[in-house]
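Sequence order for the protein chains is A, B and C. First residue of the first sequence? That's 0 in numbering that gives the first Met the number 0, and the numbers climb one at a time after it. First residue of the second sequence? That's 0 in numbering that gives the first Met the number 0, and the numbers climb one at a time after it. First residue of the third sequence? That's 0 in numbering that gives the first Met the number 0, and the numbers climb one at a time after it. A short worksheet on the structure shown next.
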Amino acid sequence: MSHHLFLLSPSDTPLYSLTHYSSKPAQTTATSPLASNLPSWSTSAFAGTLTALSGATSATQAHHAQGGTVRIGGGQDRHVIQMIANASLDVIEEIVRKDNMMYLKSVDKFNEWTVSAFVTPGNMKFVLLHEARNDDGIKSFFHEVWELYVKTMLNPFHTAHTPIRSTVFDARVRASAKKYL
Amino acid sequence: MHAAPHPRFSVLSASAVQSSEHLSPAASSTRFSLPSAPSINTNATASKPAVPRQTIYDRPLNKIRAAEVSASAFSFLFSEVVQYTQKRVNGINDLERRLNTLGYRVGLRVLELMSYRNEATAKAPKREIRFLPALMSIHTQVWRAVFGKPADAIEKSVENADEYMIIDNDPPITRNISVPRDMSQLSCSSFTAGIVEAVLDGLGFPARVTAHNTPTETLPNRTTILIKLEKSVLDREEALKT
Amino acid sequence: MAIWGLWVINKAGGLVYQRNFGDGLPHLTSNEYLVLAGTLHGIHAITARLSPTGSSSGANVISGETFKLTILLTPTGTKFVLLTSLAENTADTVLQKVYEAYADAVMKNPFHTPEMPIRTEGFDSRITAIMSG
Numbered sequence: 000m001s002h003h004l005f006l007l008s009p010s011d012t013p014l015y016s017l018t019h020y021s022s023k024p025a026q027t028t029a030t031s032p033l034a035s036n037l038p039s040w041s042t043s044a045f046a047g048t049l050t051a052l053s054g055a056t057s058a059t060q061a062h063h064a065q066g067g068t069v070r071i072g073g074g075q076d077r078h079v080i081q082m083i084a085n086a087s088l089d090v091i092e093e094i095v096r097k098d099n100m101m102y103l104k105s106v107d108k109f110n111e112w113t114v115s116a117f118v119t120p121g122n123m124k125f126v127l128l129h130e131a132r133n134d135d136g137i138k139s140f141f142h143e144v145w146e147l148y149v150k151t152m153l154n155p156f157h158t159a160h161t162p163i164r165s166t167v168f169d170a171r172v173r174a175s176a177k178k179y180l
Numbered sequence: 000m001h002a003a004p005h006p007r008f009s010v011l012s013a014s015a016v017q018s019s020e021h022l023s024p025a026a027s028s029t030r031f032s033l034p035s036a037p038s039i040n041t042n043a044t045a046s047k048p049a050v051p052r053q054t055i056y057d058r059p060l061n062k063i064r065a066a067e068v069s070a071s072a073f074s075f076l077f078s079e080v081v082q083y084t085q086k087r088v089n090g091i092n093d094l095e096r097r098l099n100t101l102g103y104r105v106g107l108r109v110l111e112l113m114s115y116r117n118e119a120t121a122k123a124p125k126r127e128i129r130f131l132p133a134l135m136s137i138h139t140q141v142w143r144a145v146f147g148k149p150a151d152a153i154e155k156s157v158e159n160a161d162e163y164m165i166i167d168n169d170p171p172i173t174r175n176i177s178v179p180r181d182m183s184q185l186s187c188s189s190f191t192a193g194i195v196e197a198v199l200d201g202l203g204f205p206a207r208v209t210a211h212n213t214p215t216e217t218l219p220n221r222t223t224i225l226i227k228l229e230k231s232v233l234d235r236e237e238a239l240k241t
Numbered sequence: 000m001a002i003w004g005l006w007v008i009n010k011a012g013g014l015v016y017q018r019n020f021g022d023g024l025p026h027l028t029s030n031e032y033l034v035l036a037g038t039l040h041g042i043h044a045i046t047a048r049l050s051p052t053g054s055s056s057g058a059n060v061i062s063g064e065t066f067k068l069t070i071l072l073t074p075t076g077t078k079f080v081l082l083t084s085l086a087e088n089t090a091d092t093v094l095q096k097v098y099e100a101y102a103d104a105v106m107k108n109p110f111h112t113p114e115m116p117i118r119t120e121g122f123d124s125r126i127t128a129i130m131s132g
């Protein structure tokens with residue numbers, strides 16, 4: 000069972016992403032590649048659209064490649080994941096205007112994916128794609144990511160639009176994901 | 000054997016403290032001492048890999064008393080900031096704009112850190128989404144976090160519905176600044192205006208924020224932070240009213 | 000008891016601040032004040048060198064028949080000079096307060112250039128406050 004985390008700047012630039020395979024018992028088959036759950040036309044259709052998008056998300060891809068202990072099936076799947084995360088941003092933006100909670104659980108759904116989000120007061124968005132319900136775990140996970148993000152913000156060399164490349168940050172987020180997801 | 004750095008040096012990394020020891024004559028003389036004598040230099044370098052460098056991620060975010068900065072130290076720093084900026088601009092407007100930009104970068108961090116300190120212990124952390132409560136929290140929370148005291152007043156412009164003012168009778172950061180007469184338009188509180196602008200922007204209330212000197216007979220340092228909201232903010236407030 | 004005047008002399012001997020209180024002092028031109036301050040700077044240097052008992056901070060008080068000069072020397076070489084009546088016994092505490100006001104209103108002011116004449120409104124008002132008790 001996998002989780003996908005994206006940190007997006009107030010202008011929706013991806014600053015950090017993480018794919019986490021949970022060791023906890025999954026209800027669905029853990030290894031099921033996304034493509035098999037989609038209608039046969041969908042992956043190829045996405046592949047075309049998303050090549051265009053990939054320019055904008057190259058920062059996160061580069062991160063994937065070097066950080067890369069985990070990789071999803073193929074490049075296309077990763078694109079689909081990013082597509083879902085991006086698509087949910089509109090929904091999140093809509094809710095953020097009316098709801099004063101930072102933790103927004105299950106804001107969007109796409110096939111087997113549920114999207115939960117956490118929005119900081121500075122309009123930094125944490126988006127998590129997950130398959131199973133785990134509200135408390137996700138909430139605690141977001142809370143720790145929030146703390147780590149605030150600490151990152153305190154670095155004078157970091158701005159709200161700088162991709163987060165700190166290895167310590169990465170290690171802490173991974174540890175937190177392991178603990179809660 | 001390597002003593003913990005004096006608390007005053009705690010802002011320096013451990014390696015910086017060690018390198019200063021290399022430069023001091025006392026430390027270098029130990030190089031020529033008998034091998035049996037404990038040497039500060041060798042101990043320090045040997046223990047280095049064992050103690051990984053402490054990062055910001057290892058420190059708690061909560062405010063501690065000892066972490067307060069001396070007002071004098073800040074005054075000197077801010078004085079240098081103004082001098083540095085002044086050398087690189089043409090005219091007062093430019094100077095105020097640069098100070099505003101610097102304040103903006105501070106404000107982004109203030110907002111995130113302050114919210115974390117206020118909300119982290121709450122069961123369900125919240126953000127401000129209405130303008131007036133946000134303005135109130137700037138007046139009290141932000142001011143308290145940055146200056147250690149709330150601002151003195153909030154006013155709403157009578158003529159313009161999109162203008163609000165935060166008033167500080169004696170802004171701590173400009174307390175020691177005397178602006179020369181030929182620059183009397185200048186308000187160094189533009190820095191504060193930048194902080195306010197960043198906080199409003201972050202919360203989703205884009206605005207143009209400027210600082211103005213509004214002295215009175217008894218309060219020569221009185222400063223008004225003028226907030227001019229973008230139209231979208233007023234529209235949204237209108238929509239949320241229902 | 001009266002305080003008549005305050006001078007601030009920079010480390011090179013230049014008069015950077017001069018103010019009279021009341022009408023006790025004769026009116027001199029700014030050029031004359033500059034010369035007097037330079038002379039005092041020289042005298043002070045001589046007294047600092049004359050000390051028979053090792054290093055000295057130089058003259059602290061110079062008294063005349065009707066008035067005295069009290070001098071406060073800071074570690075950076077700036078001198079604060081207070082012209083008072085002979086009976087005035089608060090000169091030292093006043094000078095200490097002046098030094099404090101100088102550190103706050105002058106040194107922390109980004110529009111002041113070190114070693115240059117002090118034209119800072121904040122300092123003027125602080126001095127006025129100190130002199131009026």
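All C-beta atoms, glycine included, are put in the ideal place defined by N, C-alpha and C. Since the structure is predicted, the reported quantities are computational estimates derived from the model, not experimental observations.
Rounded C-alpha distance that separates residue i from residue j
i	j	result
C/Q95	B/V157	48 Å
B/Q184	B/A210	10 Å
B/V68	B/M164	28 Å
B/K47	B/N168	Residue placement at B/K47 is poorly supported in this model, since its pLDDT is 48, which falls under 50; the coordinates still yield a value, given next. Approximately 50 Å between the Cα atoms of the pair.
A/S21	A/G136	12 Å
A/V79	A/M0	16 Å
B/S78	A/A131	55 Å
A/I163	A/L153	12 Å
B/R96	B/R180	20 Å
B/E196	A/S8	18 Å
A/H2	A/S165	21 Å
A/I94	A/A170	31 Å
C/L82	C/S131	16 Å
B/V232	B/A144	25 Å
C/T69	B/Q53	52 Å
A/R173	B/S71	42 Å
C/V60	C/F20	19 Å
C/M126	A/S139	In the sequence as presented, Met is not what sits at residue 126 of chain C; that position holds Ile. Distance between the alpha carbons of C/I126 and A/S139: 58 Å.
B/T120	A/E146	12 Å
B/N89	B/I194	23 Å
A/T12	B/V141	27 Å
Contact under 8 Å by Cβ, residue i with residue j
i	j	result
C/S124	C/A1	no
B/A150	B/I166	yes
A/L128	A/H19	no
C/W3	C/V80	no
C/I117	C/Y16	yes
B/T223	B/T213	yes
C/F66	B/S177	no
A/S184	A/V144	This structure cannot speak to residue 184 of chain A, because chain A is shown only from 0 to 180.
C/F122	C/A102	no
A/T161	A/L14	yes
A/V106	A/V118	no
B/E127	B/L60	no
C/G57	C/T46	yes
B/E236	B/F130	yes
Paired residues, beta bridge with residue i - DSSP
i	result
A/M100	B/K125
C/N19	C/G4
C/S131	Bridge partners of C/S131: none, in fact.
C/T83	C/I2, C/K67
A/T18	A/H3
C/V60	C/T69
C/L14	C/I8
C/L39	None, per the DSSP bridge assignment.
**Message:** At 3 residues or longer, what runs of the beta strand (DSSP E) sit wholly inside the region 143–226 of chain B?
**Reply:** 152–155, 162–167, 206–212
**Request:** Determine which residues of the region 109–131 of chain A have a Cβ less than 8 Å from any Cβ of chain B, and write them out in chain order.
**Result:** V118, T119, P120, G121, N122, M123
**Item:** Contact set between the region 151–173 of chain B and chain A, restricted to residues whose Cβ is under 8 Å from the partner
**Value:** none
**Prompt:** If contact means a Cβ-Cβ distance below 9 Å, which residues of the region 62–79 of chain B contact chain A?
**Reply:** none
**Request:** Would you list, in chain order, the members of the region 98–119 of chain C that have their beta-carbon closer than 9 Å to a beta-carbon of chain B?
**Result:** A102, D103, A104, V105, M106, K107, N108, P109, F110, H111, R118, T119
**Message:** What are the residues in the region 87–118 of chain B lying within 8 Å of chain A by C-beta distance?
**Reply:** Contacts with chain A (Cβ-Cβ distance below 8 Å) from the region 87–118 of chain B involve R104, L107, R108, L110, E111, L112, S114, Y115, E118, listed in chain order.
**Request:** With a floor of 4 residues, list each alpha helix (DSSP H) that falls wholly inside the region 101–157 of chain A, ordered by position along the chain.
**Result:** 134–152
**Message:** Taking beta-carbon pairs under 7 Å, can you tell me which members of the region 175–186 of chain B lie near chain C?
**Reply:** N175, I176, S177, V178, P179
**Message:** For the region 211–240 of chain B, list every residue whose C-beta sits within 9 Å of some C-beta in chain A, in sequence order.
**Reply:** Of all residues in the region 211–240 of chain B, R235, A238, L239 have a Cβ within less than 9 Å of some Cβ in chain A.
**Message:** In chain order, what are the residue ranges of uninterrupted alpha helix (DSSP H) at least 4 long that sit wholly in the region 82–127 of chain B?
**Reply:** 91–118
**Prompt:** Taking Cβ-Cβ distances below 8 Å as the criterion, which residues of the region 27–47 of chain C are in contact with chain B?
**Reply:** none
**Request:** Could you list the residues in the region 155–167 of chain A with a C-beta less than 7 Å from some C-beta on chain B, going in chain order?
**Result:** Within the region 155–167 of chain A, the qualifying residues are A159, V167.
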